[in-house]
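Undergrad:
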Amino acid sequence: MEKAHKILEQKAVRITPMRQIILEYFLQNNGTFGLIELENTFPKSDRITIYRTLKTFEEKSILHGIKNGTGEVKYALCDEHCTPIHHIDKHPHFQCEQCKKITCINSLVIPEMELPKGYIQKEMTILIKGICPDCQE
Ligand SMILES: [Zn+2]
Ligand SMILES: [Zn+2]
Ligand SMILES: [Zn+2]
Numbered sequence: 022m023e024k025a026h027k028i029l030e031q032k033a034v035r036i037t038p039m040r041q042i043i044l045e046y047f048l049q050n051n052g053t054f055g056l057i058e059l060e061n062t063f064p065k066s067d068r069i070t071i072y073r074t075l076k077t078f079e080e081k082s083i084l085h086g087i088k089n090g091t092g093e094v095k096y097a098l099c100d101e102h103c104t105p106i107h108h109i110d111k112h113p114h115f116q117c118e119q120c121k122k123i124t125c126i127n128s129l130v131i132p133e134m135e136l137p138k139g140y141i142q143k144e145m146t147i148l149i150k151g152i153c154p155d156c157q158e
């Protein structure tokens, strides 16, 4: 619980049991999870509370959402340098076509792209599709 506690304090998020549980889960499993998966993992928890927790974490730059085009947003832990104002996770995401798992490719950095005049960038996502190492065996 130590680390979750520290992150919540660092990002100025009021600590609640639900927030601690969800964050702890992300820290321990180090993957990407969507609302449905979390609901199944914590069946006793209220779905709205889980949803709100994810939203709060996204606003406070603890998690970043990954849209894979299916409508279900997956979430992954942010870099510790992410702030609500500078909440850009500049790494591509990889989705495995077999196990459907989405992974943050933290070792790669999406280069800055200058948009034509008049366009304001809010977010940038790169989703690479292919086969993950686990599915190649
Ligand atoms: Zn972020
Ligand atoms: Zn896979
Ligand atoms: Zn990511």
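The opening position of the sequence shown corresponds to residue 22 in the numbering used here, with each subsequent residue numbered one higher. The beta-carbon is built from N, C-alpha and C at its ideal position, and this holds for glycine as well. Remember, predicted model here, so these are calculated numbers, not experimental data.
(1) Please confirm whether any heavy atom of ligand 1 lies closer than 6 Å to the CB of aspartate 155.
(2) Flag this pair as yes or no: are the beta carbons of glutamine 116 and leucine 148 separated by less than 7 Å?
(3) Less than 6 Å separating the Cβ of cysteine 103 from some heavy atom of ligand 3?
(4) Could you please give the first and the last residue of the uninterrupted alpha helix (DSSP H) stretch that includes threonine 74?
(5) I'd like the span of the alpha helix (DSSP H) that includes leucine 56, first residue to last.
(6) What do you reckon, are the CB atoms on lysine 95 and isoleucine 123 nearer than 7 Å?
(7) Any contact between the region 34 to 47 and the region 62 to 75? By contact I mean 3 or more CB pairs, one from each, below 8 Å.
(8) Under a three-way DSSP split, which group does tyrosine 46 fall into?
(9) Comparing the CB of aspartate 110 with every heavy atom of ligand 3, is any distance shorter than 6 Å?
(10) Let me confirm a value: leucine 129 is counted as buried when at least 16 other C-beta atoms fall within 10 Å, else exposed. Which label applies?
(11) Beta-carbon separation of threonine 62 and isoleucine 43 under 7 Å?
TA: By the coordinates alone:
(1) Position 134 of the sequence shown holds residue 155. No.
(2) Numbered from 1 along the sequence shown, position 95 holds the residue referred to as residue 116. Numbered from 1 along the sequence shown, position 127 holds the residue referred to as residue 148. The answer is yes: Cβ separation under 7 Å.
(3) Translated into the one-based positions of the sequence shown, residue 103 becomes position 82. Every heavy atom of ligand 3 is 6 Å or more from the Cβ of cysteine 103, so no.
(4) Translated into the one-based positions of the sequence shown, residue 74 becomes position 53. 68 to 80 is the extent of the alpha helix (DSSP H) around threonine 74.
(5) Reading the sequence shown from its first residue, position 35 is the one you call residue 56. Run containing leucine 56: 56 to 62, per the alpha helix (DSSP H) assignment.
(6) On the sequence shown, position 74 is the one that residue 95 refers to. On the sequence shown, position 102 is the one that residue 123 refers to. At a Cβ-Cβ threshold of 7 Å, lysine 95 and isoleucine 123 count as neighbours.
(7) Counting C-beta pairs with one atom in each stretch, the region 34 to 47 and the region 62 to 75 have three or more that are closer than 8 Å, which means they touch.
(8) Counted from its first residue, the sequence shown places residue 46 at position 25. Helix, per DSSP.
(9) As a first step, residue 110 must be located in the sequence shown, where it is residue number 89. Result yes, Cβ under 6 Å from ligand 3.
(10) Residue mapping note: residue 129 aligns to position 108 of the sequence shown, counting from 1. When all chains shown are included, leucine 129 counts as exposed.
(11) Translated into positions along the sequence shown, residue 62 becomes position 41. Translated into positions along the sequence shown, residue 43 becomes position 22. Going by C-beta atoms, threonine 62 is not nearer than 7 Å to isoleucine 43.
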